[in-house]
Amino acid sequence: MNIYWMDRKKLNQTVQKMIEPTSVVLDIGCGIRPQTFQKAAVHICCEPFSQYVERLQSIVRKNKWQDRFVVIQADWEKAIKLFPPYSVDTVYLIDVIEHLEKKESLKLLKKTEMIARKQIIVFTPLGFLEQKHPDGKDAWGMDGGKMQEHRSGWEPEDFDSTWNIYATEKYHKTDNMGHFYKQSHGAFFAIKNITMPKDLDKKQNKNISDRIGNFGATVSRKVKKYFIERTSDKL
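Mapping of the sequence shown onto our numbering: position 208 corresponds to residue 1470, and the numbering continues sequentially without gaps.
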């Protein structure tokens, strides 16, 4: 594992350069803020909380992103079962793993290695950063307070040698409610470049291709249904 320490400004610039341009991205647990590192031809958002899904759909319509965004209501466990092996180019887990118990996040990370064809991009606070919402309300006034709680803390050493770590000791100046910390809290990106197995025989390749084809057909049906519903709403 390679660990690169730098200041916040350089961190964002460096990570942007490390991300490969791709066509299909899977954005797990994106909430109402989909990743903005790349503009993919197909951007699949998997979000479990219904209020966030509704807001996200509204954002997609407002920005006229319907031609490339697919919003699916699913938690991480459903997401990793839904997508076939090597069915997307890049998997994003931006501010996600700290919201799960460590055992759950380790399972999620392992499973995404079978879904991604090119990269997995993770972003998380450096160490445990407490975040609670006793009243149940989140920073956007919705009922996602429980969803926003942090349940685990992460260090670069939690990732094995197949990951590259880009970190800074000063990143978060405020909590998610906008209150300033007494001192800045660190954060880091973990990036894994995927090497597709070379020993896949023709039967395995065909099976994966068939599953990806079936998945693509399912997504196409959902997108078509989405457009029909939106059109009907306007009539």
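Just so you know, even glycine gets a beta-carbon here, dropped at the ideal spot from N, CA and C.
Beta-carbon contacts of residue i that lie in its chain and below 8 Å, excluding the five residues immediately before and after
{"i": "glutamine 1381", "result": "Ile1281, Glu1282, Thr1284, Asp1351, Thr1352, Val1353, Ile1453, Lys1454, Asn1455 and Ile1456"}
{"i": "serine 1471", "result": "Confidence is the limiting factor: at serine 1471 the pLDDT is only 48, short of 50, which leaves the residue's position unreliable, though a coordinate-based value still follows. Result list for serine 1471: empty, nothing under 8 Å."}
{"i": "glutamine 1410", "result": "His1361, Gln1393, His1395, Asp1400, Ala1401 and Asn1438"}
{"i": "glycine 1398", "result": "Asp1405, Gly1407 and Lys1408"}
{"i": "alanine 1302", "result": "Thr1284, Ser1285, Val1286, Val1287, Arg1330, Asp1351 and Thr1352"}
Beta strand (DSSP E) segment containing residue i, residue limits
{"i": "arginine 1379", "result": "1378 to 1387"}
{"i": "serine 1446", "result": "1442 to 1455"}
{"i": "leucine 1288", "result": "1286 to 1290"}
{"i": "histidine 1305", "result": "1304 to 1308"}
{"i": "isoleucine 1334", "result": "1331 to 1334"}
Classification of residue i by the beta-carbon crowding that lies within 10 angstroms, buried from 16 upward
{"i": "glutamine 1275", "result": "exposed"}
{"i": "methionine 1458", "result": "exposed"}
{"i": "proline 1396", "result": "exposed"}
{"i": "histidine 1441", "result": "exposed"}
{"i": "aspartate 1289", "result": "buried"}
{"i": "threonine 1424", "result": "exposed"}
{"i": "threonine 1436", "result": "exposed"}
{"i": "tyrosine 1348", "result": "buried"}
{"i": "glutamine 1319", "result": "buried"}
Beta-carbon contacts of residue i that lie in its chain and below 6 Å, excluding the five residues immediately before and after
{"i": "isoleucine 1342", "result": "Lys1373"}
{"i": "glutamine 1335", "result": "Val1315"}
{"i": "phenylalanine 1390", "result": "Gly1415"}
{"i": "phenylalanine 1331", "result": "His1305 and Val1322"}
{"i": "phenylalanine 1345", "result": "Ile1377"}
{"i": "valine 1384", "result": "Leu1355 and Ala1452"}
{"i": "cysteine 1308", "result": "Ile1290, Ile1334, Ala1336 and Ala1341"}
{"i": "tyrosine 1433", "result": "Arg1270, Gly1448 and Ala1449"}
{"i": "phenylalanine 1299", "result": "Ile1281"}
Own chain residues within Cβ distance below 7 Å of residue i, not counting five before or after
{"i": "alanine 1401", "result": "Asn1438 and Met1439"}
{"i": "glycine 1406", "result": "Phe1311, Gln1313, Tyr1314 and Asp1400"}
{"i": "isoleucine 1490", "result": "Confidence is the limiting factor: at isoleucine 1490 the pLDDT is only 45, short of 50, which leaves the residue's position unreliable and the question unanswerable from this model."}
{"i": "serine 1367", "result": "Ile1359 and Ser1414"}
Span of the alpha helix (DSSP H), counted from its first residue to its last, around residue i
{"i": "leucine 1355", "result": "Looking at the DSSP string, leucine 1355 is not in any alpha helix (DSSP H); the run it does join, the beta strand (DSSP E), is 1350 to 1356."}
{"i": "asparagine 1520", "result": "With the chain covering 1263 to 1497 only, the question about residue 1520 has no answer from this structure."}
{"i": "isoleucine 1342", "result": "1338 to 1344"}
{"i": "lysine 1247", "result": "Residue 1247 lies beyond the range of the chain shown here (1263 to 1497); nothing can be said about it."}
DSSP state of residue i mapped onto helix, strand, coil
{"i": "asparagine 1325", "result": "coil"}
{"i": "asparagine 1426", "result": "strand"}
{"i": "aspartate 1420", "result": "helix"}
{"i": "glutamate 1431", "result": "strand"}
{"i": "arginine 1317", "result": "helix"}
{"i": "leucine 1362", "result": "coil"}
{"i": "leucine 1391", "result": "coil"}
{"i": "serine 1367", "result": "helix"}
{"i": "serine 1312", "result": "helix"}
{"i": "threonine 1374", "result": "helix"}
Bridge partner(s) assigned by DSSP for residue i
{"i": "threonine 1436", "result": "Phe1442"}
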